[in-house]
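Heads up, the thing below is written out as structure tokens.
2 protein chains.
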Amino acid sequence: MLKVIAFDADDTLWHNEAYFQETEHKFCALLENYLPQHTVARELLQTEIANIALYGYGIKAFMLSMIETAIRITDKQISNEAIEKIISYGREHLDKPVEIIEGVEEVLQKLKGKYRLVMATKGDLLDQERKLKKSGLDHYFHHIEIMSEKKEADFKKLIKHLDIHPEEFAMAGNSLKSDVLPVLNLGGHGFHIPYHITWAHERVESTIEHDNFKQLNSIIELLNYV
Amino acid sequence: MLKVIAFDADDTLWHNEAYFQETEHKFCALLENYLPQHTVARELLQTEIANIALYGYGIKAFMLSMIETAIRITDKQISNEAIEKIISYGREHLDKPVEIIEGVEEVLQKLKGKYRLVMATKGDLLDQERKLKKSGLDHYFHHIEIMSEKKEADFKKLIKHLDIHPEEFAMAGNSLKSDVLPVLNLGGHGFHIPYHITWAHERVESTIEHDNFKQLNSIIELLNYV
């Protein structure tokens, strides 16, 4: 019955949040003469959330939010050198190798040919294409779907665009909020594969009871169901 | 024979480069105590081109390039207030209304239903979706294709993804380099609709002789050919 399986990318196929946290740690350390590191982190998160509607997701948005936060919390005293450092943290982040999560390649190998596999992510297209290429996983995917948001309306559009019915669509990802709940609401299938760290803005506490929902411990368990 | 007509968005459907130039003028004026405005503009263009591979296109990349340029050309003397101004220029740019170019709506109206119309752009997805919504043109398009680059390989992927042959594909846009030449090389059709300003990095001087190529003066002339 399933025709298309969509995979979230960041923290589902490869590690990502760990890199953001590393970049954030460097940023917080840079500013610790002004504020305790955990306060800097809280201020940065506030800026990020306020900027999502205008900037969207991804490292460029994160870089702009870091610069804005630095200016605000230093009361406009941040040096040019420090801003250059923030920019260099972002550039280093962009240059990071792509580390594939355990089990991913085996799963994709076994599912390829049986289903149309797509990568569905709300990151920046250029970043995501670069990561997919670096990962060497590109040949498993029919194509990449870049979504500006992962809400019900966005998945509705995606399913229409794929020319299938919702019940023929499954989404696997690490975010209940973005990858699972909206798809279940549309009549599709959702597989939740938790990542050991979740961005504060993506955290949802809930136990889901739904016929089309499966809670997995790791991506390899997907093979028990499809 | 044609099945899909793809339209570039910025400076083909709506004004864009004029807004970038306006933002750039503000930036150059902000820094004129350090360097003549035309020198600032040249430095900014250099930064932008150097950053394309890492940042891609769009206003966030432009904002980061402005900040980097400001720090460099002031020899790290730029004030926090001035950096805040640069960020506010970017935010104002993002908030600009969308002005549709003359003739666009009539053309889309007449072609809708006869061809599958797609918007194919290398901007940022979030920006482009916002502009499409603001423009009120969204109902004319089957979907948006966000391309990280507009080179031959990218159009090849797009045409494959659309499940058509190259000769069933036409692209209309203001850039010979990005919208026309790669499509002609693949066996598709190209319509060049110049915009009165072209970003320095997109300028190509050439007269094209090709059976599948049409030089138009404005988008309305497209109706003479399809």
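First to last, the sequence lines map onto chains A and B. According to the numbering used here, the stretch in the first sequence is residues 1 to 226, in order. According to the numbering used here, the stretch in the second sequence is residues 1001 to 1226, in order. Beta carbons: idealized from backbone N, C-alpha and C, even for Gly.
With 16 as the cutoff for other CB atoms within 10 Å, does residue i come out buried or exposed?
i: P1097(B); result: exposed
i: T1121(B); result: buried
i: D211(A); result: exposed
i: T23(A); result: buried
i: L186(A); result: buried
i: E1048(B); result: buried
i: E1081(B); result: exposed
i: E43(A); result: buried
i: P1182(B); result: buried
i: D75(A); result: exposed
i: H38(A); result: exposed
i: A6(A); result: buried
i: H189(A); result: buried
i: A153(A); result: exposed
i: K150(A); result: buried
i: A53(A); result: exposed
Helix or strand or just coil, what does DSSP make of residue i?
i: Y115(A); result: strand
i: G173(A); result: strand
i: V1004(B); result: strand
i: D10(A); result: strand
i: T1074(B); result: coil
i: H196(A); result: coil
i: G190(A); result: strand
i: I59(A); result: helix
i: T1121(B); result: strand
i: I87(A); result: helix
i: I100(A); result: strand
i: H1025(B); result: helix
i: H1165(B); result: coil
i: N185(A); result: helix
i: V226(A); result: coil
i: E32(A); result: coil
i: E209(A); result: coil
i: S1218(B); result: coil
i: E149(A); result: coil
i: H1093(B); result: helix
i: S1178(B); result: helix
i: N1016(B); result: coil
i: S79(A); result: coil
Under 8 Å Cβ to Cβ from residue i, same chain only, skipping five residues before and after it: list those, please.
i: N1051(B); result: A1061, L1064, S1065 and E1068
i: I86(A); result: F27, L30, M63, M66, I67 and A70
i: M1001(B); result: E1167 and E1168
i: E1129(B); result: I1144
i: D127(A); result: G58, I59 and L94
How would you write the range of the alpha helix (DSSP H) that residue i sits in, first residue to last?
i: E48(A); result: Q37 to Y55
i: K214(A); result: Unbroken run through K214(A) is the beta strand (DSSP E), F213 to Q215; no alpha helix (DSSP H).
i: L1132(B); result: L1125 to S1135
i: I1159(B); result: E1152 to H1161
Residue i lies in the beta strand (DSSP E); which residues open and close that run?
i: E1145(B); result: H1143 to I1146
Starting from the C-beta of residue i, find all residues in its chain whose C-beta is less than 7 Å away, skip the five residues before and the five after it, and write them out in chain order.
i: L1132(B); result: M1119, D1138 and I1144
i: Y89(A); result: T23, K26 and F27
i: A18(A); result: I197
i: K1110(B); result: L1223
i: L1184(B); result: G1190, H1210, N1212 and F1213
i: R116(A); result: K3, V4 and H142
Near residue i, which residues of its chain fall below 6 Å by C-beta distance, leaving aside the five closest residues on each side in sequence?
i: G1173(B); result: D1008, T1012 and D1179
i: V1040(B); result: C1028 and L1031
i: D124(A); result: G58
i: F1020(B); result: none
i: E1167(B); result: G1187
i: Y195(A); result: D11 and N174
i: G103(A); result: S218, I219 and I220
Proximal residues, the segment 1130–1154 of chain B versus chain A, C-beta separation under 9 Å = R1130, H1142, H1143, I1146, M1147, S1148 and E1149
key: chain B contacts from the segment 83–113 of chain A (Cβ-Cβ distance under 9 Å)   = I83, E84, I87, G90, R91, L94 and D95
ask   = Taking any Cβ of chain A, which residues in the segment 1030–1058 of chain B have a Cβ under 7 Å from it, in chain order?
value = L1054, Y1055 and G1056
inquiry  = Output needed in chain order: residues of the segment 1157–1173 of chain B with a Cβ under 7 Å from some Cβ in chain A.
reply    = H1161
query = Relative to chain B, which residues along the segment 113–126 of chain A have a C-beta separation below 8 Å, given in chain order?
reply = D124, L125 and L126
inquiry  = Along the segment 1180–1197 of chain B, where does the CB come closer than 8 Å to a CB of chain A? Name the residues.
reply    = none
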